[in-house]
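*Asks:*
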Amino acid sequence: MKLGDVLKLNKKSLIDIEDNQTYKISGVQNYGQGIVIRREVLGYELNMKKYQLISKNQLMWCKVDTKNGAFGLTHDEHIGSLASTNMALADINVNLVNPEFLEVLFRQKTFADYITKYSSGTTNRKYLTPKQLFEKIELPNLNLFEQQEFIAKLKRIEKIGLESEIQTQKKLLSQLKQSILQEAIQGKLTADWRALQQAQGPQIEPASELLKRIKAEKAQLIKDKKIKREKALPPISEKETPFELPDGWLWCRFGEYSLFERGRFSIRPRNDPSYFDGKIPFIQIGSLSLNGDRINSFNQTLNERGLKVSKLFPKNTVVIAIVGGTIGYLGVLGKDMCFPDSIIGIKPTELTCSKFVLLQLRAQQKTIKELSYQMSGQPNIKLPNLTNLIIPLPPLEEQKAIVEIVETLMQKCQALEQEIKTSEANAQMLMQAVLKEAFEGEREVVENV
C-alpha cells in the first residue's frame with residue numbers, strides 16, 4: 001500500500017490574512033513528535049499574506065525539508081490554526097487507514113530514516129516532493145483491524161517505558177552536564193581546593209593581578225603590531241553580575257581575558273581549486289561539535305596562495321561557529337589551522353587557559369544562541385557579542401583545577417551516555433521487529449511483545 005493510496009493533497013485551504021485578526025500558527029516537530037501551535041499573532045505581524053487553514057485528520061510536513069521525520073498529524077486542538085505555504089497538508093482517508101496508525105508509524109526513527117533514504121538535496125535540507133512521497137513510500141498492507149493490533153503492540157513497548165525512559169535519561173544527563181558547568185564557573189566545584197590552598201599556602205595570585213598582567217601583555221602585542229588595538233569594553237554594572245564570587249575571583253568581559261579573532265577566507269567563489277590542495281589544514285563549521293571536541297582531522301588543505309587570503313591560527317585555539325544552525329558549536333585546534341569568517345578563534349596565551357575558555361563558552365552556549373536570534377535575517381553572532389560577554393574569572397591556578405575536576409565529571413557522564421546509547425539501540429531493535437512484522441507479515445518475530 002502506497003502512502004498516496006490513503007492521502008490526498010489539500011490545495012483548497014488557503015486563506016487571506018487580515019491585519020487586525022488574531023491567528024494561531026502551527027509548526028511540525030522532528031521525528032514525528034507532532035504538531036505544535038508555536039505562536040499567536042495579529043495578521044499584520046505575519047510576513048506571508050496567505051496561509052493554509054488546518055483541519056482535523058491531516059498529515060502535515062515541510063515541503064522543502066522532509067529529513068529527520070518532520071511529519072505530524074492534526075488533532076482537535078489544531079483545527080482553525082494556520083500552516084505556512086512552506087508546509088504541505090494532506091487529508092487522510094479514514095476509511096482505509098487509522099490516523100493513529102500513521103502517527104505512530106511516523107514517530108519511529110526507522111520509518112523516518114526510510115523516508116530520508118529517498119530524499120534528495122543538501123546535507124542541511126533533504127526533501128521529497130508530495131508526488132514522490134505518495135509514490136515511493138510504502139505503508140504496511142494492513143486492514144483497519146490489523147492496524148489497531150500494530151498500534152497496541154507499539155503502545156505495549158511504550159508502556160514498558162523504553163522510549164520515554166531513554167528520552168528522560170537523555171534530558172537528565174544534559175541537565176547534569178549543564179549543572180556541572182554552572183557549578184564550575186561559580187566556584188562551587190573548587191571550594192575544597194581553595195580551602196586546602198589557604199591552609200597550605202603560599203597565597204595564590206588573585207584574578208585581579210592576573211588581569212593586570214593580561215592587559216600588559218596585550219599592550220605589548222599592540223606595540224609590536226601583532227594585534228590591533230581593541231575598542232574599549234564597557235564597565236560592568238552590579239546589575240549585570242548574577243551571583244557572588246569566591247574570594248580572589250572577579251567579573252570581567254570575555255574580551256578582557258582572551259584574544260578573539262575572526263577567521264578569514266576572502267576568495268570568491270570559495271571552492272576555487274587554485275587555492276587548495278597544499279599542506280595547510282583548513283576546517284569549516286562542519287568540524288565543530290556541541291561539546292567542543294579536539295579537532296585533529298580535516299577534509300581540506302590550503303596551498304601558499306590560499307594562505308595569503310586566509311589566516312593561520314595556532315594549536316590549542318578555541319573555535320566557535322557564529323552563523324547558521326550550528327551557532328555556538330565549538331572545537332579546539334589540534335594543530336595550526338586556517339578557517340573562514342564563519343568561525344571565531346580564541347587564541348591561547350601563556351596567561352590564559354584554553355580549556356577554561358572552552359568551559360566558559362560551553363556554560364554560555366544557551367546565551368550565545370539567544371543573542372544570535374536578536375539579529376535580523378539569518379541567525380549570527382558578531383565579534384562584540386562574544387567579547388562583551390561577562391564571565392567570572394578565577395585565579396589561573398584555580399582555572400586549571402576547575403578544568404581537571406570538570407573533565408573527571410564529564411568522563412563519568414560519557415560512561416552514562418554510552419549506557420543510554422546501548423539501551424536506545426536495544427529499544428530500536430524491538431521497534432524494528434514490530435515494523436518488520438508489519439511490513440513483511442513475520443508475526444513470529446514479535447509474538448512475545
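Residue numbering for the sequence shown follows UniProt numbering, starting at 1 and increasing by one per position.
Note that the Cβ used here is the ideal one computed from N, Cα and C, for glycine as well.
Between which two residues does the alpha helix (DSSP H) holding residue 357 run?
*Replies:* Here residue 357 refers to the residue found at position 357 of the sequence shown. It spans 354-363 - the alpha helix (DSSP H) in which residue 357 sits, taken as one unbroken run.
*Asks:* Count the other C-beta atoms from every protein chain shown that fall within 10 angstroms of the C-beta of residue 367, then say buried if there are 16 or more, exposed otherwise.
*Replies:* Stepping through the sequence shown from its first residue, residue 367 is reached at position 367. Result: exposed.
*Asks:* Can you list, in chain order, the residues of its chain with a C-beta nearer than 7 Å to that of residue 208? Leave out the 5 residues immediately preceding and following it.
*Replies:* Stepping through the sequence shown from its first residue, residue 208 is reached at position 208. Contacts found: 250.
*Asks:* For residue 144 versus residue 362, is the C-beta spacing smaller than 7 Å?
*Replies:* Position 144 of the sequence shown, counted from the first residue, corresponds to residue 144. Position 362 of the sequence shown, counted from the first residue, corresponds to residue 362. Their beta carbons are not under 7 Å apart, which means residue 144 does not touch residue 362 by this criterion.
*Asks:* Do residue 267 and residue 302 have their C-beta atoms within less than 7 Å of each other?
*Replies:* The count along the sequence shown starts at 1 and reaches residue 267 at position 267. The count along the sequence shown starts at 1 and reaches residue 302 at position 302. No.
*Asks:* Once you ignore the five residues that flank residue 420 on each side, which residues in its own chain have a CB closer than 8 Å to its CB?
*Replies:* For the purposes of this step, residue 420 is taken as the residue at position 420 of the sequence shown. So the qualifying residues of the chain are 166, 169, 170, 173.
*Asks:* Can you tell me which of the three DSSP states residue 247 falls into?
*Replies:* As a position in the sequence shown, residue 247 is number 247, starting the count at 1. It is coil, neither helix nor strand.
*Asks:* If we count Cβ pairs, one from each stretch, closer than 8 Å, do we get three or more for the stretch 256-276 versus the stretch 290-298?
*Replies:* For the pair of segments examined, the stretch 256-276 was found not to touch the stretch 290-298: the number of CB pairs separated by less than 8 Å stays below three.
*Asks:* What does a CB cutoff of less than 8 Å around residue 353 pick up in its chain, not counting 5 residues either side in sequence?
*Replies:* Here residue 353 is taken as the residue at index 353 of the sequence shown, counted from 1. Closer than 8 Å at the Cβ level, and outside the excluded window around residue 353, lie 396, 399, 400, 403.
*Asks:* If we ignore side chains and look at the alpha-carbon of each, how far apart do residue 86 and residue 372 end up?
*Replies:* Position 86 of the sequence shown, counting from 1, holds the residue named residue 86. Position 372 of the sequence shown, counting from 1, holds the residue named residue 372. One C-alpha to the other measures close to 24 Å.
*Asks:* Output the distance between the C-alpha atoms of residue 443 and residue 141, rounded to the nearest integer angstrom.
*Replies:* Counting from 1 along the sequence shown, the entry for residue 443 is found at position 443. Counting from 1 along the sequence shown, the entry for residue 141 is found at position 141. Low confidence applies here, because residue 443 scores a pLDDT of 38, under 50, leaving its location unreliable; read the following figure in that light. The alpha-carbon atoms of residue 443 and residue 141 are separated by roughly 14 Å.
*Asks:* Per DSSP, which residues does residue 2 bridge with? Please list them.
*Replies:* For the purposes of this step, residue 2 is taken as residue 2 along the sequence shown, with counting starting at 1. Answer is 138, bridged to residue 2.
*Asks:* Beta-carbon within less than 7 Å of residue 240's beta-carbon, same chain only, minus the 5 sequence neighbours each way: which residues are those?
*Replies:* Along the sequence shown, one-based indexing puts residue 240 at 240. Around residue 240: 390.
*Asks:* Once DSSP output is grouped into helix, strand and coil, what is the label at residue 264?
*Replies:* By one-based count along the sequence shown, residue 264 stands at place 264. For residue 264, the secondary structure class from DSSP, reduced to helix, strand or coil, is coil.
*Asks:* Can you tell me where the alpha helix (DSSP H) holding residue 208 begins and where it ends?
*Replies:* Stepping through the sequence shown from its first residue, residue 208 is reached at position 208. From DSSP, the alpha helix (DSSP H) with residue 208 extends over 207-223.
*Asks:* Which residues in the same chain as residue 260 place their Cβ atom closer than 7 Å to its Cβ, once the five residues preceding and following it in sequence are excluded?
*Replies:* Numbered from 1 along the sequence shown, position 260 holds the residue referred to as residue 260. Hits under 7 Å: 344, 346, 383, 386, 387.
*Asks:* Three-state secondary structure (DSSP) at residue 281?
*Replies:* Residue numbering aside, residue 281 sits at position 281 when the sequence shown is read from its first letter. Of the three classes helix, strand and coil, the one that applies to residue 281 here is strand, per DSSP.
*Asks:* Under the rule that 16 or more other beta-carbon atoms within 10 Å means buried, what is residue 22, buried or exposed?
*Replies:* In the sequence shown, counting from the first residue as 1, residue 22 sits at position 22. Per the 10 Å Cβ criterion, exposed.
*Asks:* State the DSSP-derived secondary structure class of residue 421, mapped to helix, strand or coil.
*Replies:* The count along the sequence shown starts at 1 and reaches residue 421 at position 421. It is helical.
*Asks:* For residue 189, name the three-state secondary structure that DSSP assigns.
*Replies:* Your numbering for residue 189 matches position 189 in the sequence shown. In this structure, residue 189 counts as coil in the three-state DSSP scheme.
*Asks:* Would you call residue 44 buried or exposed, if buried means 16 or more other Cβ atoms sit within 10 Å of its Cβ?
*Replies:* Sequence index remark: in the sequence shown, residue 44 carries index 44 (1-based). So residue 44 ends up on the exposed side.
*Asks:* Looking at residue 321 and residue 288, is the spacing between their C-beta atoms short of 7 Å?
*Replies:* Indexing the sequence shown from 1 puts residue 288 at position 288. Indexing the sequence shown from 1 puts residue 321 at position 321. A contact, by the Cβ cut-off of 7 Å.
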